[in-house]
Structure formats: structure tokens, C-alpha cells
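First up is the structure itself, then whatever we jot down about it.
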Amino acid sequence: MTSLSITSIDTVIFDGQKPGTSGLRKAVKVFQQQHYTENFVQAILDAQGEKLLGSTLVIGGDGRYYGREAVQKIIKIAAANGVSKLLVGQNGILSTPAVSTIIRKNKTLGGIVLTASHNPGGPNGDFGIKFNCENGGPAPDAVTNKIYELTKTIKKYKIVNNLHVDIDKIQSFSIQVDGKPFTVDIIDSVNDYTALMKEIFDFDSIKNLLQGSDGNSSFNVLINAMNGVTGPYVKRIFGKELGVSESNMVNCVPKEDFGGLHPDPNLTYAADLVNAVKSGPYDFGAAFDGDGDRNMIIGNKAFFVNPSDSLAILANNLNVIPYFRKTGIKGYARSMPTGAAVDRVATKTNIQCYEVPTGWKYFGNLMDAGKLSLCGEESFGTGSDHIREKDGIWAALAWLNVIASVKKPVEQILLDHWGIYGRNFFTRYDYENCDSDKSNKMMEYVENLINKNDFVGTKLKSGNKTYVVKEADNYSYKDPIDGSVSSKQGLRILFEDGSRIIFRLSGTGSSGATIRLYIESYESDPSTFVQDPQVILKPLVDISLNLSKLGEYTGRDKPTVIT
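Right, dumping it as C-alpha cells:
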């Protein structure tokens, strides 16, 4: 057996290697600096302490530019730091949900995920690295803070320089590193995840729906992988397992620059899907982001399913999915900015609903404690306790399982739901790549305003609408499982009628600041249910823009994206 030696490399410290809500995201050119990637990977491994020695880790990513090079660096550094075995996706490809699946199935120490999620790719795009723990979920604050502290003091990193593994060929590769065995298994990227989906859903029922096998006409779907990581998963699951034709699965080849697409499944960046479904013979459309954890669902004629509504619909119909008939429904949860439609389902079904900060790691504690079955974020993320990540393909299969069971089209499912619960109108305005200093000053201005003693009770008016402030704060969350506190999670203005305005600075960008403005208003009048949300919500949007002076601080007269 080949034997290689460990080399210790002197390095320099880089400022700003602080992981955000989903790891460290920067421009590709930042990661390409000498020692930059190596430093962060070494800090991830050092943060594991004695558990690292003899451990197994999962490695894979969304196929974006620099991913293959980063995989080779991680293999060399892991080999030098006492890791015993790596499970690496073929071609370096693993969706984020698949990484979680493989960690949990193989009971590994965790995994390193190479993704900047929905951020653009290519040489001038973004790259990212995040660590998932042994439960399969994103590292909690205690771990990411430890990683960050290590990046601020690192002096050396260890590496096996002459080690190179062919990641394109499924194989088991073994060598000796300073006399200790080290193995790299290049695994099929799709097998384990597909097997899990077949355990969760009624594939026969979904296939009958799609093929029209019950004497009904076939249900026509259009699936868009946006040239991200989900392409191979879409082809295997929707194509091979469910019989969807090749022409109904588009952009299914992962590309380093996502083919020039912005792999964020929303009405702006997935316009190709929206236009195709709007003018085509499709009953259902779905798009997924770069790393496969986000989803957008639309119905016939591109009827848009807001992610907050999607979560509520699935909650209301969860018992038609075989997995939940076995496990029972333990609880629901949503991120704080997400629309409160699921809360109404929880109240009616007498099931606990949790409100957590933005970031999937907050759901993980609840799941591990057996308190949570279904959760979601308004940022097009939906998932369950089958893994510890949001899961785009899971969400699309869940919708198809529901449709196959209730035998109604997407729009009718929504209309029936609103008829029972009323409608939580919801929108989000994103102002991307704003000046960071000016964005922080705007947030400071709003916080000072809402902290004034006389702000509660204030009447805010726009047109013929008046809203009375019931509560206002900078949201803080105490984890009911471990007691940890997460503060400064977003500025909230809550009104007496249940309407809400929320301001947040996003932690998922690689440069500048993204200001996110969330607006929600509840309506029980059926005559409003089919109206344009932007019309219903315009008074609150106007109030929020005037109150925050967002235009003055940012120089923006309109958002980059509206959802």
C-alpha cells in the first residue's frame, strides 16, 4: 500500500472567516487566495477536538466553480489530521439534503458541504464551505464560533501534498499516511437519497398521478434543476423512478457557473419556469436552487404557491404521506419572518408550533428532541425530520403525494385551505448588495424608533388603512432544548390585527448587505383571497418604507427581488 507523509505549512491569518447562517460564503477569488481555503478547513477539523481522530466525514457540494479543487484540498488536509475515512460524492457532487442523509445513515462525525446555495457561481461568482454535525444539520453557533476563533489564531495547517484521488470514478481508495490507514470512498451521489425518498413517499400513487394510470389523464409536470446539483437527482427520481419524460426535466446538468443562471428558485430568477408553465400544458412546476435545499412550487398557469402557504398546506395534509403515518406528527415550526399560516393549522389540529430564528440549525435541536416533524422558511425552504436540512426535492414529492391523495389541482388546494383558515398574505422585498454601513445605520434608526416608550399604541396610516402597533422589538429566541439565547434576529413591528412588518439583514450574501423587508397581513374575507398580494399589502409596504427611510439610506427606489 502506498505510504505518504504529512507536511506542516506555515500560514497567515485572514480576517473575516466568520461563518454565517449557512457557513462561510465569499467570492471565489477570495477562496482562491493562497492558504485561505486551507485555513478554514483546518479550523473546521481542529474544532472537532479528539473526536476527529479515526473519524469518518462526508464531503460533497453543488458542483459550482472551484468545488473540485476544494474537494482535493479537503482530502489532503483530512488525511493529515487523523481522519480515517471520507465518503465523497462522485465528481464532488452531493446535494445538501444528500449530505445530511449520508451523515445520518452512516453515523459519521459530520460532513463538509461546498456550496454558496442560491448565490451565483462561476469564476466571478461565489463559493462557500459549511460544516454539518453528526446529526446531519448545520453546525450550531457554539461550533461555528469555535471555528471562527480558531481562524483568528491559526499559524499552521497540516496537509498530505502528494495525495490525489480520482473523484470521477466510483471506487474505494486506500493509502497509509505516516503509517496510519486512510480511505476515500467515492460514492454514487444519488443512491442513498433516492432510497430514503422511496421510504417516505407513496411512489406508486405519485407515479399513477403522473402517468394517468387510474384512468385519468396524466398530470403534466415541469421540473427545473437550474443547472444546479439536483439535476442527477431529478433524472433518477422523477425520470427513472416516476417515469417523467426527458422533455419535462430541464437544466438538469450541473454546471460550474449554473449555465449563467442565478440558481435561486423564485419568481424573478426562475422566470423561465414561470413563463413555460404559464403558457404551456403543465399542471405543476418545481424549481430547485444550486445545492438542492430550496424549492419553488407553482400550479397550472403558473399559480404561485407562497412558501409560507406551502408549509401550511403540507402541515394540513401531512397524514397522507406514509412516513408521517408511521412516525406521527410531533410538531410544526417556522422561522420568525415566515408567514403565520402554519400557526393556524397548528391551532386547529392542537399541535405545537414553534417560532425560531432564521437558520435551519434552530430546527435541528427540536427535531433531535423529538418535538418537530415539519418546518419551513419563507425563503423557499421546506423540510421534515427525515434529515436535518431543508430539502427541495422532498418538498416537490410531498406536494405530488398530497395532490395524488386529495385529487385536486394546486390552485384548488390553496383555495380550499384559505376557505377554512383565511389567508395570510405575505411578501418579501430584497434589496441586494447594499452598502453595509448605510444598511446598518438604517437598521439602527429603525431600532431606535421602535424602542421609544410611546411607539406601542402608535397608529400608522396609509390610504384608508390604519394599523395600531401592538408590540415591537429586536427578536430574541431562547432555545427550549438547550437554553441557548440568540438575540438581534430581526426588527419586528406587530400590529393589533395580526399584521407584521419585519426588517432583517441577511447573512447569506458574500459581499455588501442584503436588506430584507417582510410584510404580512391576515384576511378572513373570501372576496380577497384571489386578489394580488401586492395590492393587498401595498399600504403596509408604504408604511414600512416611510417609517424606515429605506430609500434615503440605501439610494434604492425599488427592491432587487419581490416574492
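According to the working numbering, the sequence shown is numbered sequentially starting from 1439.
Built from N, CA and C at the ideal position, the CB exists for glycine as well.
The segment 1445-1454 and the segment 1588-1607 touch, with three or more beta-carbon pairs separated by less than 8 Å.
Remark: three or more beta-carbon pairs, one from each stretch, lie closer than 8 Å, so the segment 1730-1749 and the segment 1702-1719 are flagged as touching. Within the segment 1861-1939, the beta strand (DSSP E) runs of at least 3 residues that lie entirely inside it are, in chain order, 1861-1872, 1897-1900, 1903-1912, 1929-1933. When the alpha-carbon of Cys1813 is set against those of Cys1791, Asn1889, Ser1655, the nearest one is in Cys1791. Going by beta carbons, Ser1986 and Val1884 fall inside the 7 Å limit.
In the DSSP assignment, Pro1619 falls within the unbroken beta strand (DSSP E) covering 1618-1625.
Using a 10 angstroms sphere on the CB of Asn1754, the tally of other CB atoms reaches 16 or more, which defines it as buried. The beta-carbon distance between Asn1646 and Ala1951, rounded to whole angstroms, is 48 Å. This is too long to meet the 8 Å contact definition. Beta-bridge analysis with DSSP links Thr1445 to Ile1597. In this structure, DSSP gives Phe1676 a helical state, which the three-state scheme calls helix. Considered as a whole, the segment 1543-1617 harbours 1548-1552, 1564-1570, 1594-1597, 1609-1615 as its complete beta strand (DSSP E) runs of no fewer than 3 residues, in chain order. A distance of 7 Å or more separates the beta carbons of Asp1500 and Asp1721. In this structure, Thr1445 places its C-beta atom within 7 Å of the C-beta atom of Ile1597. Rounded to whole angstroms, the separation of the alpha carbons of Ala1516 and Ala1508 is 12 Å.
DSSP places Val1659 in the strand class (E or B) of the three-state scheme. Your pair Lys1799 and Lys1768 does not check out as a contact, with CB atoms roughly 18 Å apart and the cut at 8 Å. Take Val1712, set aside five residues on each side of it, and the residues of its chain with a beta-carbon closer than 7 Å to its own are Leu1705, Ile1736, Ala1740, in chain order.
Taking C-beta atoms as the reference points, Asn1686 and Ala1725 fail to come closer than 7 Å.
Within the segment 1717-1778, the complete alpha helix (DSSP H) runs of at least 4 residues fall at 1745-1754, 1760-1765. In the DSSP assignment, Thr1706 falls outside any beta strand (DSSP E), carrying neither H nor E. In the three-state scheme derived from DSSP, where H, G and I count as helix and E and B as strand, Arg1826 is classed as coil. Just so you know, the alpha carbons of Leu1524 and Gly1666 end up roughly 23 Å apart. With a 10 Å radius around the Cβ and a threshold of 16 neighbouring Cβ atoms, Ala1836 comes out buried.
Under the 10 Å beta carbon count, Ser1965 is surrounded by fewer than 16 other beta carbons and is classified as exposed. For Ala1951, the uninterrupted beta strand (DSSP E) run begins and ends at 1951-1961, by DSSP. Beta-bridge annotation (DSSP): Glu1793 is paired with Arg1772. Between the C-alpha atoms of Ile1585 and Asp1484 there is a straight-line separation of about 8 Å. Thr1449 has its alpha-carbon roughly 52 Å from the corresponding atom of Ser1937. When only Cα atoms are considered, Asp1579 and Gly1487 end up about 16 Å apart. In this chain, the alpha helix (DSSP H) harbouring Ala1518 covers 1505-1518. Annotated as distal: Leu1943 and Glu1909, with beta-carbon spacing of 7 Å or more. For the pair Phe1742 and His1473, the Cα-to-Cα distance works out to about 45 Å.
Residue pairing by DSSP places Ala1465 opposite Asp1564 in a beta bridge. The segment 1879-1898 makes no contact with the segment 1766-1783, as fewer than three CB pairs between them are under 8 Å.
For Met1664, the secondary structure class from DSSP, reduced to helix, strand or coil, is coil. Distance from the Cα of Val1537 is smallest, within the candidate group Phe1469, Thr1582, Ile1625, for Ile1625.
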